[in-house]
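Trainee: Take this structure, written in structure tokens, and hold onto it; I'll ask about it next.
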Amino acid sequence: QKEVEQDPGPLSVPEGAIVSLNCTYSNSAFQYFMWYRQYSRKGPELLMYTYSSGNKEDGRFTAQVDKSSKYISLFIRDSQPSDSATYLCAMITSGTYKYIFGTGTRLKVLA
Amino acid sequence: GAVVSQHPSWVICKSGTSVKIECRSLDFQATTMFWYRQFPKQSLMLMATSNEGSKATYEQGVEKDKFLINHASLTLSTLTVTSAHPEDSSFYICSARLARVSYNEQFFGPGTRLTVL
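In order, the protein sequence lines correspond to chains A and B.
Heads up: the first sequence runs through residues 357 to 467, numbered per the working numbering.
Heads up: the second sequence runs through residues 709 to 825, numbered per the working numbering.
Below, the structure written as structure tokens:
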């Protein structure tokens, strides 16, 4: 079993839709949870990070962490064609610096 | 702030040659840099952790004699793919660690696409 599981997609949605992206994990020691966006042939860019459980909102993006279920989500409201990219979740335990990445979900927002 | 650059962005080489990829932190000092490899439609796989002034730490299954890493300064790490073969063709991404109070954040470079003919 992988430490982090993420549906690779692709996920196609119409413009304006609410997108839900998810990851599950098995290591209960993970404490920091990140979401990265990666455009084709580019490096990942950090969208959001969350510590422990709870919600965090930034503009059209909301990150949720449910540590009891070992489940994290990223919601994108009012999705735009420019949101079309691969979204990677990443996790890290406190005091370490080795990120564990999910496989990434390819998202396509149709105009 | 916290910008990481990579050079070159794309390189094509013949089988058997060596290729050097540079990773620079432009506006901060990074004692630790990381090298990842990414195959099409797959996630980032950590290859090695590069510490300034010391030997790199390689992940299991990564040949240290094939992927030479040098972290000679606080802003530069290099990855040299020696005697490259077509199976080494991949997208190589570096990141630099910026230690924060809360967690160790990594900033990623734009990646280098290596094609070995």
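From the three backbone atoms N, C-alpha and C, an ideal C-beta is built for every residue, glycine too.
On a predicted model such as this, the values are computed, not experimentally measured, just so you know.
Determine the direct distance from the alpha carbon of SER785(B) to that of ALA756(B), and round the result to whole angstroms.
Mentor: 11 angstroms
Trainee: Helix, strand or coil: how does DSSP classify SER733(B) here?
Mentor: strand
Trainee: For TYR382(A), which residues in the same chain have their Cβ closer than 7 angstroms to its Cβ, ignoring the five residues on either side in sequence?
Mentor: One detail in the question is off: residue 382(A) reads as Ser in this sequence, not Tyr. Around SER382(A): GLN357, GLU359 and LYS426.
Trainee: Classify HIS793(B): buried if its beta carbon has 16 or more other beta carbons within 10 angstroms, exposed otherwise.
Mentor: exposed
Trainee: Nearest chain B C-beta to GLN357(A) closer than 9 angstroms, yes or no?
Mentor: no
Trainee: Could you tell me whether the region 760-771 of chain B touches the region 718-725 of chain B, using the rule of 3 or more Cβ pairs below 8 angstroms?
Mentor: No contact exists between the region 760-771 of chain B and the region 718-725 of chain B.
Trainee: Look at the alpha carbon of PHE389(A) and the alpha carbon of VAL375(A), and state the distance between them as a whole number of angstroms.
Mentor: 18 angstroms
Trainee: Any chance you could list the beta strand (DSSP E) runs of at least 3 consecutive residues sitting entirely within the region 758-804 of chain B, in chain order?
Mentor: 775-781 and 784-789
Trainee: Checking contacts by CB at 9 angstroms: is GLY399(A) closer than that to chain B?
Mentor: yes
Trainee: Classify LEU430(A) as buried or exposed, calling it buried when 16 or more other Cβ atoms lie within 10 Å of its own Cβ.
Mentor: buried
Trainee: Looking at the strands, I want to know which residues DSSP matches up with PRO370(A).
Mentor: LEU466(A)
Trainee: Name the residues in the region 409-429 of chain A whose C-beta lies less than 9 angstroms from a C-beta of chain B; which are they?
Mentor: none
Trainee: Grab the span of the beta strand (DSSP E) containing THR725(B) for me, first residue to last.
Mentor: Per DSSP, THR725(B) belongs to no beta strand (DSSP E) and is neither H nor E.
Trainee: How big is the Cα-Cα spacing for ALA764(B) and SER438(A)?
Mentor: 38 angstroms
Trainee: Distance cutoff 9 angstroms, beta carbons only. Does TYR381(A) sit that close to anything in chain B?
Mentor: For TYR381(A), the nearest beta carbon of chain B is not closer than 9 angstroms to its own beta carbon.
Trainee: From the DSSP output, in three-state form, read off ASP434(A) for me.
Mentor: coil
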